[in-house]
Amino acid sequence: MTNEVRLRAVEKADLEVFFEQEQDPEATSRAAFPPRDRERFMKHWETRVLGDPAVTVRTVLAGGRVAGNVVAWPQDGRHWVGYWYGRDFWGGGVGSRGLALFLDEMPVRPLYADPVGTNIGSVRVLEKRGFRLLPEKNGDHVLLVLDE
Numbered sequence: 001m002t003n004e005v006r007l008r009a010v011e012k013a014d015l016e017v018f019f020e021q022e023q024d025p026e027a028t029s030r031a032a033f034p035p036r037d038r039e040r041f042m043k044h045w046e047t048r049v050l051g052d053p054a055v056t057v058r059t060v061l062a063g064g065r066v067a068g069n070v071v072a073w074p075q076d077g078r079h080w081v082g083y084w085y086g087r088d089f090w091g092g093g094v095g096s097r098g099l100a101l102f103l104d105e106m107p108v109r110p111l112y113a114d115p116v117g118t119n120i121g122s123v124r125v126l127e128k129r130g131f132r133l134l135p136e137k138n139g140d141h142v143l144l145v146l147d148e
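Okay, so the sequence shown: first residue is 1 according to UniProt numbering, each after it adds one.
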């Protein structure tokens, strides 16, 4: 795999890759997010992600392969960012580079993220990109913010 990481608009075929990535038990454990069945997953993506003009989402490519996605959305008066990467792309800097490219495209600040506190890799990705840890917590999730 090459080190080239880039973003592009989500294509319909990407949803199949995203669905498979969400079925990975290790990924769902780290994210504390249960996998959805295909119908529910596709409906969510088609209506609440791709179908919502307030949501910004990009496919992350690494070496020409779909590595995952980064998404930002408004909720409860804040703008949030989240991402999901396939296990093949963990630990090699793809997540950090993908997020950096996304943040260059996404001018909204402040931007919040709330990974599970035990998902050290995800917290580090955010901190590398300038997010700072806030004292607020939501259960097992920690809260980080990017002010600038």
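Note that CB positions come from ideal geometry on N, CA and C, so glycine has one too.
DSSP three-state assignment for G63, whether helix, strand or coil | coil
Own chain, CB closer than 6 Å to G130, minus 5 neighbours either side, in chain order = L146
In whole angstroms, what separates the C-alpha of M42 from that of L15?
-> 7 Å
Three CB pairs or more closer than 8 Å across the stretch 87-97 and the stretch 112-120 = no
Reducing DSSP to helix, strand and coil, say where L126 ends up.
-> helix
State the CB to CB distance for the pair T56 and M106, rounded to an integer number of angstroms; the pair is presumed to be in contact (CB under 8 Å).
-> 6 Å
Helix or strand or just coil, what does DSSP make of G21?
-> Note on residue identity: the sequence assigns Gln, not Gly, to residue 21. DSSP places Q21 in helix when its eight states are reduced to three.
With distances taken between CB atoms, is the gap from R8 to N119 smaller than 7 Å?
-> no
In terms of residues, what are the limits of the beta strand (DSSP E) holding R132?
-> R132 to N138
Among residues of its own chain, excluding the 5 on either side of W73, which ones have a beta-carbon nearer than 6 Å to its beta-carbon?
-> V55 and W80
In its own chain, which residues sit with a C-beta less than 8 Å from the C-beta of G121, not counting the 5 before and 5 after it?
-> R30, W90, G91 and G95
Applying the criterion that 16 or more other CB atoms from any shown protein chain within 10 Å of the CB defines a buried residue, is F18 buried or exposed?
-> buried
With a CB to CB cut of under 6 Å and the five nearest residues on each side skipped, what residues in its chain are close to P110?
-> V145 and D147
Can you tell which of W84, A13, G68 and V66 has its C-alpha closest to the C-alpha of E46?
-> A13
Let me know the secondary structure DSSP gives D147 once reduced to three states.
-> coil
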